[in-house]
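Novice:
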Amino acid sequence: MVDLVVAGGTVVTPTGVERADVVVDGERIVGLDAGRERAGARRVIDADGRIVLPGGVDVHTHFLIGFMGQRSVYDFTSGTQAALRGGTTTVVDFALQRRGRGLMDGLKHRRVQADRRVATDYGLHLIVTDVNAATLAELPRVVEAGVTSIKCYMVYEQEQLRVSDGALLDLMAAAGRLGMIVGVHAENADVIDRRAAAALAAGEVAPRHHAATRPPVSEAEAISRALLFAEDAGCAAYVFHLALGAGVDAIARARARGVRAFAETCTHYLALDRSAYERPDASLYVMSPPLRTADDQRLLWAGLRDATLAGVASDDASYSAAMKRSVDASFDKIPNGVPGVEHRLPVLYTLGVAQGRLSLADLAEVFSTRPASLFGLAPRKGAIVAGADADLVVIDPQASRPVRADDQFGPLGYSPYEGMELSGWPVATVRRGAVCAEAGTVTAAEGDGRFLERTLPDTTLPARH
Ligand code: URP
Ligand code: ZN
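For the sequence shown, this note's numbering puts the final residue at 477, and the numbers step up evenly by one.
See below:
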């Protein structure tokens with residue numbers, strides 16, 4: 013007798029798409045089956061007419077984040093419950109090294125905040141803000157603690173996050189020797205700060221000036237600079253929240269020189285474009301980098317298909333509509349970031365698969381498999397294979413409904429996808445064999461998730477196809 017059979021769905025595995033039962037015992041996948049195990053199973057989920065994907069791996073969330081004087085609505089409990097509702101079973105969030113403090117200090121602090129709260133499994137990247145001899149000497153302990161990736165901000169000096177160019181290069185050299193991957197928030201601080209100061213001085217304070225003061229060149233230049241540093245340092249590099257088509261090209265060109273260059277894009281860059289900044293509620297779309305053009309979107313989709321981009325993350329930063337509106341009199345006061353952890357899958361299914369931009373196999377790759385493998389979570393996470401954790405999401409490709417802020421998890425007051433007609437909504441999410449969300453109801457409690465000690469990243473460059 014087995015614990016669970018997800019029966020008769022269209023199952024997306026690394027080797028193909030087939031109609032099968034997924035057999036689960038305890039926390040692990042036993043294998044695929046043609047129906048023999050159903051009779052004796054303790055629980056059967058009927059997936060007839062539905063699609064079964066590996067549980068989502070969202071490698072960029074910011075739960076319980078304070079930024080620009082505001083605090084996210086989602087903490088580790090509500091954020092991970094929203095994730096489960098959206099078919100995501102693993103998140104990788106961030107621990108912050110405060111300037112003047114140690115790396116392990118930041119890591120321990122974040123684990124205290126998260127360990128007994130999470131409902132998904134989770135890992136952490138380390139945000140490094142203070143690169144000095146003590147920081148570099150602490151890196152091996154960070155790796156031993158299961159944190160094998162770093163994020164550096166090339167902007168946000170006012171938030172005490174920015175790392176200078178020299179510091180980034182030194183950090184990449186040290187991290188590269190350990191086999192870590194260094195990710196960047198790639199924007200040119202000098203260009204942005206100067207443009208923002210000029211706009212504010214001219215009284216151009218409306219939310220749309222957030223985007224106007226962060227032109228494409230500020231993102232493109234910073235991506236190229238970070239990749240040059242990675243090349244010199246012999247370090248694998250990852251560009252977080254890449255929005256620009258030219259950025260995809262920069263990754264491809266760096267790879268052609270042998271640089272281990274990787275990047276993600278985010279749900280909102282695929283679904284929304286810069287016309288959002290002409291709306292009366294433009295403050296709701298303030299994030300960095302800002303939304304770009306339809307041409308950029310075309311290149312992002314192509315980059316996902318040919319694996320130049322590793323995947324799609326949410327970059328969930330859940331400032332509520334009320335928070336954003338309360339400071340929208342001046343664009344430089346609006347907290348950067350949008351919610352999205354719950355909508356990554358239906359957006360990708362609808363705009364990707366249903367509209368012919370991605371195959372089902374591509375969807376599994378960008379939603380789960382490639383991010384899991386790059387960030388040292390495979391083979392436990394990221395694929396429906398025997399022996400892996402039984403992390404699964406069952407979606408309904410037929411039922412379609414519009415996104416409504418009131419239907420989503422948590423009092424956010426808006427969704428950036430409000431009104432979009434989406435299909436492929438999750439009907440059941442299974443994390444390590446436990447049914448955690450069903451028909452929109454989350455049953456997983458806080459603390460049911462586990463911290464994941466990640467192995468070093470797999471930075472083998474994929475073959476282009
Ligand atoms: O605007 C954004 N992306 N906010 C979240 C914080 C970050 O930079 O990742
Ligand atoms: Zn960022």
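Using N, Cα and C, we set each Cβ at its ideal position, and we do this for glycine too.
What's the gap between the Cα of Trp313 and the Cα of Ala398?
Specialist: Each residue's Cα considered, the two are about 30 Å apart.
Novice: List in chain order the residues whose CB is within less than 6 Å of at least one heavy atom of the ligand ZN.
Specialist: Listed along the chain, these residues meet the criterion: His197, Phe252 and His253.
Novice: Relative to the C-alpha of Glu231, which candidate in Cys247, Leu148, Tyr165 and Phe387 has its C-alpha closest?
Specialist: Selected option, being the one with the closest Cα: Tyr165.
Novice: Which residues in the same chain as Leu434 place their Cβ atom closer than 8 Å to its Cβ, once the five residues preceding and following it in sequence are excluded?
Specialist: Answer for Leu434: His355, Pro358, Val359, Tyr361, Thr362, Ser412, Arg413, Pro414 and Val415, listed in chain order.
Novice: Report the option in Glu169, Val104 and Val167 whose CA atom is closest to the CA atom of Leu138.
Specialist: Ranking the options by Cα distance to Leu138, first place goes to Val104.
Novice: Helix, strand or coil, according to DSSP, for Ile77 in the structure here?
Specialist: It is coil, neither helix nor strand.
Novice: Going by beta carbon distance, what residues of the same chain come within less than 6 Å of Thr381, once the five residues before and after it are set aside?
Specialist: Excluding positions up to five away in sequence, the list reads Gly394 and Ala395.
Novice: Which residue's Cα is closest to the Cα of Arg149: Val24, Ala417, Glu450 and Leu183?
Specialist: The sequence shown places Ala at residue 149, rather than the Arg named in the question. Cα-wise, what sits closest to Ala149 is Leu183.
Novice: Can you determine whether any heavy atom of the ligand URP sits closer than 8 Å to the C-beta of Ile204, and answer yes or no?
Specialist: Outside the cutoff, so no.
Novice: Is Asp60 buried or exposed, if buried means 16 or more other CB atoms sit within 10 Å of its CB?
Specialist: The residue is exposed, with fewer than 16 neighbouring Cβ atoms inside 10 Å.
Novice: Hey, could you find the ends of the alpha helix (DSSP H) Thr279 is sitting in?
Specialist: Here the alpha helix (DSSP H) through Thr279 covers Thr279 to Ala283.
Novice: Can we say the stretch 459 to 473 touches the stretch 191 to 199, given the rule of at least three CB pairs closer than 8 Å?
Specialist: Yes: at least three Cβ pairs fall under 8 Å.
Novice: Taking the straight line between their C-alpha atoms, what separation do you get for Gly135 and Asp202?
Specialist: When rounded, the distance between both Cα atoms is 32 Å.
Novice: Could you spell out the range, first to last residue, of the beta strand (DSSP E) harbouring Asp133?
Specialist: Start and end: Asp133 to Ile139.
Novice: Checking the sheet assignment: what are the DSSP bridge partners for Gln82?
Specialist: In the DSSP output, where bridge partners are listed per residue, Gln82 has Phe79.
Novice: Please determine, among Asp340, Ala322, Val260 and Val251, the residue with the shortest C-alpha to C-alpha distance to Tyr289.
Specialist: Considering only alpha carbons, the answer is Asp340.
Novice: For the alpha helix (DSSP H) containing Gly178, list its first residue and its last residue.
Specialist: That run of the alpha helix (DSSP H) goes Asp177 to Leu190.
Novice: Starting from the Cα of Gly158, find the closest Cα among Gly436, Val405 and Gly388 and give me that residue.
Specialist: Looking at the Cα atoms, Gly388 is the closest of the given residues.
Novice: What three-state label does DSSP hand Asp418 in the structure shown?
Specialist: It is helical.
Novice: Have a look at His477 and Ala384 and give me their C-alpha separation to the nearest angstrom.
Specialist: Residue placement at His477 is flagged as unreliable, the pLDDT there being 46, under the threshold of 50; the coordinate-derived value follows with that caveat. Approximately 20 Å, taken between the alpha carbons.
Novice: For Ala273, does the three-state DSSP call read helix, strand or coil?
Specialist: Ala273: strand per DSSP, three-state reduction.
Novice: Is it the case that the Cβ atoms of Asp16 and Ala32 are separated by a distance below 9 Å?
Specialist: The sequence shown places Leu at residue 16, not Asp. No. Outside cutoff.
Novice: From Ala210 to Val324, what does the alpha carbon distance come to, in whole angstroms?
Specialist: Straight-line Cα distance between these residues: approximately 34 Å.
Novice: Determine whether the beta carbon atoms of Val24 and Pro66 lie at a separation below 9 Å.
Specialist: A contact, by the Cβ cut-off of 9 Å.
Novice: Could you check which residue in Glu276, Arg174, Arg304 and Thr441 has the C-alpha nearest to that of Ala283?
Specialist: With distances taken between Cα atoms, Ala283 lies closest to Arg304.
Novice: Output the distance between the C-alpha atoms of Arg55 and Phe88, rounded to the nearest integer angstrom.
Specialist: Rounded to whole angstroms, Arg55 to Phe88 spans 29 Å at the Cα level.
Novice: I believe Val353 touches Asp70 by the beta-carbon criterion, under 8 Å. Please report the beta-carbon distance rounded to the nearest angstrom.
Specialist: Indeed, because the Cβ distance is near 6 Å, the residues count as touching under 8 Å.
Novice: Runs of 3 residues minimum, wholly inside the stretch 24 to 99: which ones carry the beta strand (DSSP E) assignment?
Specialist: Runs found: 28 to 37, 40 to 45, 55 to 58, 63 to 66 and 68 to 70.
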